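Residue numbers (UniProt numbering): 1 to 108. We put the CB at the ideal spot given by N, CA and C, even for glycine. Since the model is a prediction, treat every value here as computed from it, not as a measurement.
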């Protein structure tokens, strides 16, 4: 956590917490939200805002992470590649709407 403090001193304003996945020999069990506990631990030990990652795929799951104060933000990777309109699709699930920018209509 000292590293987080050093980063904050250098102007970092958000930690994207990931357990990696780049080393072939390391076996990290995966599943929905599998990296959220790591983000929660870092959040408890630093003053910096923390973002959670790791198979966060639906709006309810993302909202629960935020509502439970497990992270300050959620970041989506693979899910946005699979569904570029994820935010639009998630809004009704969360009881909201998204107004498309007029410019989008020009291309569609």
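Where residue i falls: helix, strand or coil (DSSP)
i	result
residue 51	strand
residue 58	coil
residue 26	coil
residue 4	helix
residue 73	strand
residue 107	helix
residue 65	helix
Within 8 Å, strictly: CB atoms of residue i and residue j
i	j	result
residue 49	residue 72	yes
residue 19	residue 12	no
residue 33	residue 55	yes
residue 17	residue 52	yes
residue 87	residue 98	yes
Extent of the continuous alpha helix (DSSP H) to which residue i belongs
i	result
residue 89	86-93
residue 16	Taken as a continuous stretch (DSSP letters only), residue 16 belongs to no alpha helix (DSSP H), being part of the beta strand (DSSP E) at 15-17.
residue 42	36-45
residue 96	No alpha helix (DSSP H) contains residue 96, which DSSP labels as neither H nor E.
Sequence-distant residues of its chain with Cβ nearer than 6 Å to residue i (five each side left out)
i	result
residue 66	none
Same chain, Cβ closer than 8 Å to residue i, neighbours up to 5 away in sequence not counted
i	result
residue 8	46, 47, 48
Own chain, CB closer than 7 Å to residue i, minus 5 neighbours either side, in chain order
i	result
residue 76	56, 86
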